[in-house]
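Going down the list, the protein sequences come from chains L and Z. Quick note: the first sequence uses the UniProt record's numbering, first residue 1, plus one each step. Quick note: the second sequence uses the UniProt record's numbering, first residue 1, plus one each step.
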Amino acid sequence: MDDDERVLSPEETLRLIEQQGATAAHRLMPDPVPHYLAWGVAWFVGFGVLFLHHGLSGTPYAPVPLGVALALLFGLMAMAMLISAMTMWQLRSPVRGVSQERGMMYGFAWGFGFFAMWMIAVRFGQLLPGSERNLLWASLSMMVVAVLYMAGGAIWLVRPMFVLGAGLAVLNAVGTAAGPGWHALLMSVGAGGGSVVAGLVLRRRMRA
Amino acid sequence: MTPELDPVIHAQARLRVVVTLNTLPEGDRIAFPGLKDLLGMTAGNLSVHLSKLEEAGYVEITKTHRGRTPVTYVALTRRGRVAFEDYTAAIRGLLDTSVPPASGVT
């Protein structure tokens, strides 16, 4: 008689249910932690360097040219985007159905959101002086991110994701009101740090 | 003595199948080869267990085509989900009531 047919005790049965459930969840759900860590590092370093360029009172804290700071920020964000796509876009997943459709619509929402934002920033950015133009780009893009994080938290009922999105929305608003230096500082510490924290919270939750 | 434990689910292999399918949200289905790999079962073995679960109305098996290759998808039905919940509750109930000397499980 093969092992499959052996009668299990209730304890063994419960352990089997828990272990198999955890294994299946682990294999079928994408691991969101690399996504949060990659974005956390990108924002922390990218906006951090931008903050050093702007300074809080208009005098730079470090002689970083704006072009270098922006190239670093966008380069790191492009890398984070690549990591997100690789971990979240489950091309090889054997699962089909509603969750796939949900994920696809959500992915498109990012595309359309950034497309619309890009048009607005190009149109109105040219009317603004340099530092205000950068703030327009930074604040608009962080607003799209904040809204989509809140939406994602609501769609998948992931509270840390929603909290991160809501926090980003508030910090983004405060930073925009305060000016380019403050905005960069709040995004570096708040958004970058917040994303790393959200990643660590989710990692702990997944291991529990 | 195991009263009222659903015999369809109360077999190690089928229990693992049901637990795995239960982790998918309602409305999702998994391709047969993916399920087979996840469980580490042979195709033949898994087929046998799936047809027993299908007979009981616990799983739904959909055969479709992707391009020219046939694909089989498996999902837990609502009835299967309820049956698994009841089964888990029954197991927990057994654990709660089992007093220390009752180690007469064969």
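Ideal Cβ positions, reconstructed from N, Cα and C, are used throughout, including at glycine. Everything numeric in this text was worked out from a predicted model, so none of it was measured.
Query: Asp2(L) (DSSP reduced to helix, strand or coil); Result: Only weak support exists for where Asp2(L) lies, its pLDDT of 47 falling under 50; the value from the coordinates is given anyway. Asp2(L) falls in the coil class under three-state DSSP.
Query: CA nearest to the CA of Ile155(L), picked from Gly125(L), Leu168(L), Met105(L), Leu202(L); Result: Met105(L)
Query: Beta-carbon contacts of Ile9(Z) that lie in its chain and below 7 Å, excluding the five residues immediately before and after; Result: Leu15, Val18, Ala83, Phe84, Tyr87
Query: Boundaries (first-last residue) of the beta strand (DSSP E) holding Ala75(Z); Result: 69-76
Query: Alpha carbon of Leu76(L) to alpha carbon of Gly48(L), nearest angstrom; Result: 12 Å
Query: Reference Pro33(Z); option with closest CA among Gly167(L), Val95(L), Gly130(L), Ala85(L); Result: Val95(L)
Query: Contacts of Arg27(L) in chain Z (Cβ-Cβ under 8 Å); Result: Leu38
Query: Cβ contact check for the region 48-64 of chain L and the region 58-74 of chain Z: 3 or more pairs under 8 Å; Result: no
Query: Residues near Ala38(L) by beta carbon distance below 8 Å, same chain, minus five either side; Result: Met79, Ala80, Ile83, Ser84
Query: Proximity to Gly175(L) [Cα-Cα], best of Trp89(L), Ser188(L), Leu164(L); Result: Ser188(L)
Query: Below-9 Å beta-carbon distance, Asp28(Z) vs any chain L residue; Result: yes
Query: Contacts around Leu140(L), its chain only, beta-carbon distance under 8 Å, and the 5 residues preceding and following it disregarded; Result: Met117, Ile120, Ala121
Query: Proximal residues of chain L, C-beta to C-beta of Thr88(Z) below 7 Å; Result: Ile17
Query: Which of helix, strand or coil DSSP assigns to Arg96(L); Result: strand
Query: Thr59(L), enclosing alpha helix (DSSP H) - first and last residue; Result: Thr59(L) -> no alpha helix (DSSP H), and no H or E assigned at all.
Query: Cutoff 9 Å: Pro10(L) Cβ touching any chain Z Cβ; Result: yes
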